[in-house]
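Chemist: According to the working numbering, the stretch in the sequence shown is residues -16 to 131, in order. Here you go, one structure.
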Amino acid sequence: MAQTGPKPKPVVLKLLQGTRPDRVPKDVPVADGPLTRPGWLMPEAKREWGRLVPQLERWGLGSVDRMALAALCQEWARYVECQRLIESVGLTFETEKGYLMQRPEVSMANRHFQNVRQMCAEFGLTLSSRGRIVTPGEKDNLGEDLLT
-16 MAQTGPKPKP
-6 VVLKLLQGTR
4 PDRVPKDVPV
14 ADGPLTRPGW
24 LMPEAKREWG
34 RLVPQLERWG
44 LGSVDRMALA
54 ALCQEWARYV
64 ECQRLIESVG
74 LTFETEKGYL
84 MQRPEVSMAN
94 RHFQNVRQMC
104 AEFGLTLSSR
114 GRIVTPGEKD
124 NLGEDLLT
């Protein structure tokens, strides 16, 4: 039977969001080493890996997160590849009978981007998920500086 309700947050995100200490599990997993980039990533995925890893390591991600991050970067590279192809050949093509059809790459790009959005939320890389993160030592002033 499927579980209902929101997915549980990783302990790292709970700590970053400033969750009360009594609501955070005591056996906090520790980052077990640096995130090392897999050699099999596509070139665009390697660039995205290099861009994301410094921030994610500051947030406490380690080598145990390598597989999921590699999948995110690879999916991003596939999205970019589809977009480049669409840019060169267009969104549509004409069939033998004269019908105008959407290129398959358009659907592929949409699916790759949907996967990227879902994975970004898992890592706290979307606006809504990142907006809930308060790094240790940072006060959540909720816009008090705007009132002064």
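Think of the CB as a built atom: it goes at the ideal place given N, C-alpha and C, for glycine as much as any other residue.
Considering only the beta carbon of each residue, do residue 99 and residue 69 sit closer than 8 angstroms?
Modeler: no
Chemist: Between the Cα of residue 132 and those of 76, 109, 78 and 87, spot the shortest distance and give me the residue it belongs to.
Modeler: As shown, the chain starts at -16 and ends at 131. That puts residue 132 outside it, with no answer to give.
Chemist: Would you kindly report the start and end of the unbroken alpha helix (DSSP H) that includes residue 66?
Modeler: That run of the alpha helix (DSSP H) goes 49 to 72.
Chemist: How should residue 5 be labelled, buried or exposed, when 16 other C-beta atoms within 10 angstroms of its C-beta is the threshold for buried?
Modeler: exposed
Chemist: Are residue 49 and residue 19 close, meaning C-beta to C-beta below 8 angstroms?
Modeler: yes
Chemist: Are the Cβ atoms of residue 32 and residue 56 separated by less than 8 angstroms?
Modeler: When the beta-carbon positions are compared, residue 32 and residue 56 come within less than 8 angstroms of each other.
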